[in-house]
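One structure is given below, encoded as structure tokens.
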Amino acid sequence: MAHTKENGNMPNAHLHELLVDEMKDIMGAERQLLKGLKKLANAAQNSTLKKAFEQHYEQTENHIERLKSAFSNLGLSGRGKKCKAMEGLLNEAEEIIEEFEDSPEVLDAALIAAAQKVEHYEIASYGCIVTYAKLMGHTEVKDLLGQTLAEEKETDELLTQIAMEEANMGETA
Numbered sequence: 001m002a003h004t005k006e007n008g009n010m011p012n013a014h015l016h017e018l019l020v021d022e023m024k025d026i027m028g029a030e031r032q033l034l035k036g037l038k039k040l041a042n043a044a045q046n047s048t049l050k051k052a053f054e055q056h057y058e059q060t061e062n063h064i065e066r067l068k069s070a071f072s073n074l075g076l077s078g079r080g081k082k083c084k085a086m087e088g089l090l091n092e093a094e095e096i097i098e099e100f101e102d103s104p105e106v107l108d109a110a111l112i113a114a115a116q117k118v119e120h121y122e123i124a125s126y127g128c129i130v131t132y133a134k135l136m137g138h139t140e141v142k143d144l145l146g147q148t149l150a151e152e153k154e155t156d157e158l159l160t161q162i163a164m165e166e167a168n169m170g171e172t173a
């Protein structure tokens with residue numbers, strides 16, 4: 001990638017290729033997640049959890065649009081790459097669905113665990129990207145993807161709340 005040579009005057013230009021690579025990775029991850037969220041929503045037994053997955057699907061569509069804007073702000077096309085981490089997390093979620101589909105009282109708790117692993121991956125990815133953008137003076141990218149980071153953290157908190165108040169409570173939910 002020759003991007004760093006063109007951006008030699010930018011602070012911390014040595015991070016440019018890493019920033020772009022991380023953005024491509026999370027773009028691929030978000031696109032893969034759209035398919036995964038449909039499966040999670042379909043498998044969820046608890047209506048609150050099902051609704052949370054459906055809402056996160058809509059949020060994820062917005063995250064992709066923000067990423068496209070961030071790429072555009074950097075003068076790049078918004079192409080993603082296959083995210084092997086997300087692929088693994090979604091494969092694990094599918095295994096959980098198969099393993100616990102006959103135990104509805106456990107399935108939702110297991111789905112939340114799988115979804116939170118995804119959220120934590122996204123939080124880590126967006127956290128790094130926002131930091132790199134800040135260090136490089138890409139204020140618009142930092143602000144755009146900082147919004148996404150905040151939403152990912154909110155989703156993680158919502159999943160914890162659903163787990164603690166409903167899904168992990170078994171028959172009493």
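My numbering applies: residue 1 is where the sequence shown begins, and numbers increase by one. The C-beta atom is built at its ideal place from N, Cα and C for all residues, glycine as well.
Does the separation of the CB atoms of residue i and residue j fall below 9 Å?
| i | j | result |
| --- | --- | --- |
| aspartate 108 | asparagine 46 | yes |
| isoleucine 96 | alanine 110 | yes |
| glycine 75 | methionine 27 | no |
| leucine 159 | tyrosine 121 | no |
| threonine 48 | glutamate 166 | yes |
| leucine 40 | alanine 113 | no |
| isoleucine 129 | valine 141 | yes |
Would you kindly work out how many angstroms separate the C-alpha atoms of residue i and residue j, rounded to a whole number?
| i | j | result |
| --- | --- | --- |
| phenylalanine 53 | glutamate 94 | 15 Å |
| glutamine 237 | tyrosine 57 | Summary: the structure shown does not reach residue 237, with the chain confined to residues 1 through 173, and so no result is reported for it. |
| threonine 60 | lysine 134 | 23 Å |
| aspartate 156 | glutamate 30 | 15 Å |
| alanine 44 | lysine 50 | 5 Å |
| glutamate 6 | alanine 150 | Reliability fails at glutamate 6, whose pLDDT of 45 lies under 50, so the model's placement of it is uncertain and no value is given. |
| glutamate 87 | leucine 37 | 13 Å |
| aspartate 21 | glutamate 99 | 35 Å |
| leucine 15 | glycine 127 | 14 Å |
| proline 11 | lysine 24 | 21 Å |
| isoleucine 123 | cysteine 83 | 15 Å |
| asparagine 42 | alanine 13 | 44 Å |
| lysine 192 | histidine 138 | The requested residue 192 does not occur in the structure, where the chain is confined to residues 1 to 173. |
| isoleucine 64 | glutamate 92 | 23 Å |
| leucine 33 | asparagine 62 | 13 Å |
| glutamine 55 | glutamate 17 | 33 Å |
| serine 125 | methionine 164 | 26 Å |
Ends of the alpha helix (DSSP H) at residue i?
| i | result |
| --- | --- |
| aspartate 108 | 104-136 |
| glycine 146 | 139-165 |
| glutamate 61 | 47-73 |
| glutamate 95 | 84-100 |
Reducing DSSP to helix, strand and coil, say where residue i ends up.
| i | result |
| --- | --- |
| asparagine 42 | helix |
| lysine 81 | coil |
| leucine 34 | helix |
| methionine 10 | coil |
| leucine 19 | helix |
Practice task
Check whether the segment 64-79 touches the segment 141-158, taking contact to mean three or more Cβ pairs, one atom from each stretch, closer than 8 Å.
Solution key: Enough Cβ pairs lie closer than 8 Å, so yes.
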